[in-house]
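K.L.:
In my numbering, the protein residues as written are 37 to 338.
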């Protein structure tokens with residue numbers, strides 16, 4: 037026979053739980069209709085990727101004859117859905133901060149239009165990232181292979197979209213997008229980070245790039261790299277302050293390197309693997325740790 041819950045037991049737990057919801061903010065969403073829906077936001081993100089890389093997901097048979105129609109249709113869907121999700125996010129922020137501007141609809145419309153207007157620019161940026169990946173990885177056989185299979189393209193592409201919304205101060209949605217890419221790829225890029233052209237993350241798993249990090253052009257990094265902040269215990273007191281590294285052009289950062297604080301890694305420098313850097317590095321400098329002494333010994337055969 038199936039187990040049946042004791043009604044008094046369940047009623048007691050319900051009472052305890054509902055008491056914890058009282059006057060609670062941020063950890064429950066009771067009576068909150070104005071909140072972006074994760075599935076719809078990620079659906080918009082998928083549509084944007086289809087616009088940036090037509091035929092990328094194989095969901096639409098795109099030809100030279102129908103591409104204008106299909107891209108136009110996708111842009112209309114993006115416009116409709118994204119503007120609604122941005123409006124929801126704005127209304128939620130207004131509710132949380134007790135503001136009453138009543139202009140969320142118009143702000144959402146303008147933000148959506150601004151992002152759509154940026155899509156040609158984002159596509160050109162991503163083309164440089166694909167080119168950098170091909171140039172930087174001898175295992176890459178084609179641009180197409182990179183677009184459909186490399187995790188860095190998902191992470192960087194998502195970031196370039198989310199970053200535009202971040203700059204427009206759209207709440208919630210940029211982070212929802214970036215955390216989706218983080219979940220898929222293991223690459224964690226805060227939407228506030230500023231990243232130049234020709235950016236390549238090889239392998240990628242475990243990479244962390246903080247909110248105020250600035251990355252120049254032609255930068256290549258490997259798995260496990262952290263561009264982080266010092267003194268995280270200060271938390272909210274650091275909001276809005278530059279607290280992450282600036283990586284200038286043509287820098288290479290090898291696996292598991294950790295670079296912390298508001299410091300500068302100069303043009304053309306190389307940061308070796310497993311290095312921890314907390315001071316600025318001059319241009320054209322190689323930073324490594326001493327080579328450890330290896331010990332070889334024979335073990336007895338069993």
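Every residue, glycine too, gets a C-beta built ideally from N, C-alpha and C. Just so you know, these numbers come straight off a predicted model, no measurement behind them.
Compute the beta-carbon to beta-carbon distance between residue 111 and residue 87, rounded to the nearest angstrom, for a pair I have assumed lies under 8 Å.
P.N.:
Against the chain shown, residue 111 aligns to sequence position 75. Against the chain shown, residue 87 aligns to sequence position 51. Confirmed, about 7 Å.
K.L.:
Taking only the alpha-carbon atoms, compute the straight-line gap between residue 115 and residue 55 and give it to the nearest angstrom.
P.N.:
Taking the first residue of the chain shown as 1, we reach residue 115 at position 79. Taking the first residue of the chain shown as 1, we reach residue 55 at position 19. C-alpha separation (whole angstroms): 40 Å.
K.L.:
Since residue 238 sits in a beta bridge, which residues does DSSP pair it with?
P.N.:
The count along the chain shown starts at 1 and reaches residue 238 at position 202. DSSP, once it has assigned bridges, lists 258 as partnering residue 238.
K.L.:
Is the Cβ-Cβ distance between residue 252 and residue 294 less than 8 Å?
P.N.:
Here residue 252 is taken as the residue at index 216 of the chain shown, counted from 1. Here residue 294 is taken as the residue at index 258 of the chain shown, counted from 1. Not in contact: residue 252 and residue 294 (Cβ atoms no closer than 8 Å).
K.L.:
Would the beta-carbon of residue 151 fall within 8 Å of that of residue 140?
P.N.:
What you label residue 151 is simply residue 115 of the chain shown in a count that begins at 1. What you label residue 140 is simply residue 104 of the chain shown in a count that begins at 1. No.
K.L.:
Say whether chain D places a C-beta atom closer than 8 Å to the C-beta of residue 183.
P.N.:
The chain labelled as chain D is not found in the depicted structure, where only one protein chain is given.
K.L.:
List the residues that DSSP assigns as beta-bridge partners of residue 348.
P.N.:
With the chain represented from 37 up to 338, any question about residue 348 goes unanswered, as that position is not in the structure.
K.L.:
Buried or exposed: which applies to residue 246, given that a residue is buried once 16 or more other Cβ atoms fall within 10 Å of its Cβ?
P.N.:
Stepping through the chain shown from its first residue, residue 246 is reached at position 210. Looking at its Cβ environment, which holds 16 or more other Cβ atoms inside 10 Å, residue 246 is buried.
K.L.:
Using a Cβ-Cβ cut-off of 8 Å (strictly less than) and excluding sequence neighbours within five positions of residue 323, which residues of its own chain qualify?
P.N.:
Here residue 323 corresponds to residue number 287 of the chain shown, with the count starting at 1. So the list reads 305, 306, 307, 308, 311, 313, 317, once near-sequence residues are dropped.
K.L.:
Mapping the DSSP letters down to three states, classify residue 302 as helix, strand or coil.
P.N.:
As a working mapping, residue 302 is identified with position 266 in the chain shown. Residue state, collapsed to three classes: coil.
K.L.:
Per the contact definition of three or more C-beta pairs closer than 8 Å, is the segment 255-262 in contact with the segment 209-218?
P.N.:
The segment 209-218 vs the segment 255-262: no contact.
K.L.:
On the DSSP bridge list, what partners appear for residue 109?
P.N.:
On the chain shown, position 73 is the one that residue 109 refers to. The partner list for residue 109 (beta bridge, DSSP) is empty, contrary to what the question assumes.
K.L.:
Rank 89, 333, 42, 153 by C-alpha distance to the C-alpha of residue 190 and give the top, closest one.
P.N.:
Taking the first residue of the chain shown as 1, we reach residue 190 at position 154. Minimum Cα distance to residue 190 is reached at 89.
K.L.:
May I have the straight-line CA-CA distance separating residue 131 from residue 105, to the nearest angstrom?
P.N.:
By 1-based counting over the chain shown, the position of residue 131 is 95. By 1-based counting over the chain shown, the position of residue 105 is 69. Cα to Cα, residue 131 sits roughly 39 Å from residue 105.
K.L.:
What three-state label does DSSP hand residue 84 in the structure shown?
P.N.:
On the chain shown, residue 84 is found 48 positions in, with the first residue counted as 1. Residue state, collapsed to three classes: helix.
K.L.:
So residue 295 is in the alpha helix (DSSP H); what residue range does that whole segment cover?
P.N.:
The count along the chain shown starts at 1 and reaches residue 295 at position 259. Premise fails: residue 295 lies in the beta strand (DSSP E), 294-296, not in any alpha helix (DSSP H).
K.L.:
Within the same chain, show all residues whose beta-carbon is closer than 6 Å to that of residue 279, passing over the 5 residues directly before and after it, in chain order.
P.N.:
To locate residue 279, count along the chain shown from 1; it is residue 243. Excluding sequence neighbours, residue 279 sits near 248, 265, 298.
K.L.:
Okay, do the segment 157-174 and the segment 231-239 touch, 3+ Cβ pairs below 8 Å being the bar?
P.N.:
Because the criterion of three Cβ pairs below 8 Å is met, the segment 157-174 and the segment 231-239 touch.
K.L.:
Specify the secondary structure class of residue 208 as computed by DSSP and reduced to three states.
P.N.:
If you number the chain shown from 1, residue 208 lands on position 172. Note: residue 208 maps to coil in three-state DSSP.
K.L.:
Pick helix, strand or coil for residue 184, following the three-state DSSP scheme.
P.N.:
As a first step, residue 184 must be located in the chain shown, where it is residue number 148. If DSSP states are grouped into helix, strand and coil, residue 184 belongs with the helices.
K.L.:
Tell me the rounded alpha-carbon separation between residue 194 and residue 83.
P.N.:
The residue labelled residue 194 in the question sits at position 158 within the chain shown. The residue labelled residue 83 in the question sits at position 47 within the chain shown. Each residue's Cα considered, the two are about 12 Å apart.
K.L.:
For residue 22, count neighbouring C-beta atoms within 10 Å of its own C-beta (all shown protein chains included) and say buried if the count is 16 or more, exposed if not.
P.N.:
Since the first residue of the chain shown is 37 and the last is 338, residue 22 is not available in this structure.
K.L.:
For residue 315, count neighbouring C-beta atoms within 10 Å of its own C-beta (all shown protein chains included) and say buried if the count is 16 or more, exposed if not.
P.N.:
As a working note, residue 315 is residue 279 in the chain shown. So residue 315 counts as exposed.
K.L.:
Need the endpoints of the alpha helix (DSSP H) that residue 332 sits in, please.
P.N.:
Mapped onto the chain shown, residue 332 falls at position 296. Unbroken run through residue 332: none, as it is neither H nor E.
K.L.:
With the cut-off set at 8 Å, would you say residue 182 and residue 169 are in Cβ contact?
P.N.:
Residue 182 sits at position 146 when you count from the first residue of the chain shown. Residue 169 sits at position 133 when you count from the first residue of the chain shown. Yes. Within cutoff.
K.L.:
What three-state label does DSSP hand residue 178 in the structure shown?
P.N.:
Locating residue 178 in the chain shown gives position 142, counting from the first residue. Three-state result, residue 178: coil.
K.L.:
Quick one: using the 10 Å Cβ neighbour count with 16 as the cut-off for buried, is residue 343 buried or exposed?
P.N.:
Beyond the ends of the chain as shown, which are 37 and 338, falls residue 343; an answer cannot be given.
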